[in-house]
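Q: One structure coming up, written as C-alpha cells, with questions to follow.
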Amino acid sequence: MPENDRVKRSRVSCVALLVTVALAMIGCATMTPSHKVEPDWCLVTASAPYRPVEKPGMQRREAQNDAEQLARRELLNRVGALRLPSGQTVNDVIARDTRLRAEVLQLVRTAEVYDWRVNPQHECVQVWVRLDLNRVRALFQPTEQPPSR
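What follows is the structure in C-alpha cells.
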C-alpha cells in the first residue's frame, strides 16, 4: 500500500513538473512578469474634396493633405476630451502646462496615417489616422521625484 501512494505522488509531481516546463516554454509561467499593454487605438476618419490648385495633377494630393489635416484636428479633439485619473480632461491640463501641450501636439502631429482611399466618382479622398491613447496617458502619469536633501 505505501508503494502505491509513492507511485501516485511521483506521477502527480511528474505531471506538475511537465506542465510547469511546458508553460515556461510557451512563456506563460516565467519568473519575470510581462506587463505588455495592448494598444488602445483612437481611429478617426475625414474626407476632403478635390479643389482647384495651381499645379495640374496635384488635386488628389492636396485633397489628401486637407483630409489628413481635418482628421488630425478631430484626433486632437478626441484626445483633448480624454478623462485623466484626476478627473480633469487632457484639455484642462494642457491649458496650464505648455510642455505637456507641446508633447500632446507632437503626438497628434506624428500620429500614423493608417489608410487612405481615393473616390474618383465623388472626387474626394478619405484618410484614416490613428493614435494609441496609452501614449497620451503615459504623458500624464505621475513621475517619481528624487528625494530632496
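Those letters in the sequence shown? Residues 1 to 149, by this note's numbering.
All C-beta atoms, glycine included, are put in the ideal place defined by N, C-alpha and C.
From a predicted model like this one, the values you see are computed outputs, not experimental measurements.
My understanding is that V90 touches V136, with C-beta atoms under 8 angstroms, so please give their C-beta distance in whole angstroms.
A: For the purposes of this step, residue 90 is identified with residue 90 of the sequence shown, where counting begins at 1. For the purposes of this step, residue 136 is identified with residue 136 of the sequence shown, where counting begins at 1. Yes, V90 and V136 are in contact; Cβ-Cβ is about 7 angstroms, under 8 angstroms.
Q: Could you compute how far the alpha carbon of A29 sits from the alpha carbon of H122?
A: The residue you call residue 29 lines up with position 29 of the sequence shown. The residue you call residue 122 lines up with position 122 of the sequence shown. Residue confidence for A29 is low, a pLDDT of 48 falling below 50, so the modelled location carries little weight; the figure read from the coordinates is stated next. Roughly 55 angstroms between the two C-alpha positions.
Q: Excluding sequence positions up to five away, which residues of its chain have a Cβ less than 7 angstroms from the Cβ of V113?
A: On the sequence shown, residue 113 is found 113 positions in, with the first residue counted as 1. Contacts found: E68, V127 and V129.
Q: Can you tell me whether V79 is buried or exposed, with buried defined as 16 or more other CB within 10 angstroms of its CB?
A: Here residue 79 refers to the residue found at position 79 of the sequence shown. Burial call: buried.
Q: Under a three-way DSSP split, which group does R61 fall into?
A: The sequence position of residue 61 within the sequence shown is 61, counting from 1. Of the three classes helix, strand and coil, the one that applies to R61 here is helix, per DSSP.
Q: Please list the terminal residues of the continuous alpha helix (DSSP H) segment that includes R99.
A: Here the question's residue 99 lines up with position 99 in the sequence shown. Start and end: T98 to R109.
Q: My understanding is that L133 touches L82, with C-beta atoms under 8 angstroms, so please give their C-beta distance in whole angstroms.
A: As a working note, residue 133 is residue 133 in the sequence shown. As a working note, residue 82 is residue 82 in the sequence shown. Indeed, because the Cβ distance is near 6 angstroms, the residues count as touching under 8 angstroms.
Q: Buried or exposed for D97, please, with buried defined as at least 16 other CB atoms from any protein chain shown within 10 angstroms of its CB.
A: Taking the first residue of the sequence shown as 1, we reach residue 97 at position 97. Classification for D97: exposed.
Q: I'd like to know whether the C-beta atoms of A46 and A71 end up nearer to each other than 8 angstroms.
A: For the purposes of this step, residue 46 is identified with residue 46 of the sequence shown, where counting begins at 1. For the purposes of this step, residue 71 is identified with residue 71 of the sequence shown, where counting begins at 1. It is a contact, given that the beta carbons lie within the stated cut-off.
Q: Give me the Cβ distance between L131 and C42, rounded to the nearest whole Å; I'm assuming they're in contact under 8 angstroms.
A: Indexing the sequence shown from 1 puts residue 131 at position 131. Indexing the sequence shown from 1 puts residue 42 at position 42. Rounded, the Cβ-Cβ distance is 5 angstroms, consistent with contact.
Q: Rounded to whole angstroms, what is the Cα-Cα separation between E74 and Q106?
A: In the sequence shown, the residue the question calls residue 74 occupies position 74. In the sequence shown, the residue the question calls residue 106 occupies position 106. Roughly 15 angstroms separates the two Cα atoms.
Q: Which word fits D66, buried or exposed, when buried means at least 16 other C-beta atoms lie within 10 angstroms of its C-beta?
A: Reading the sequence shown from its first residue, position 66 is the one you call residue 66. So D66 counts as buried.
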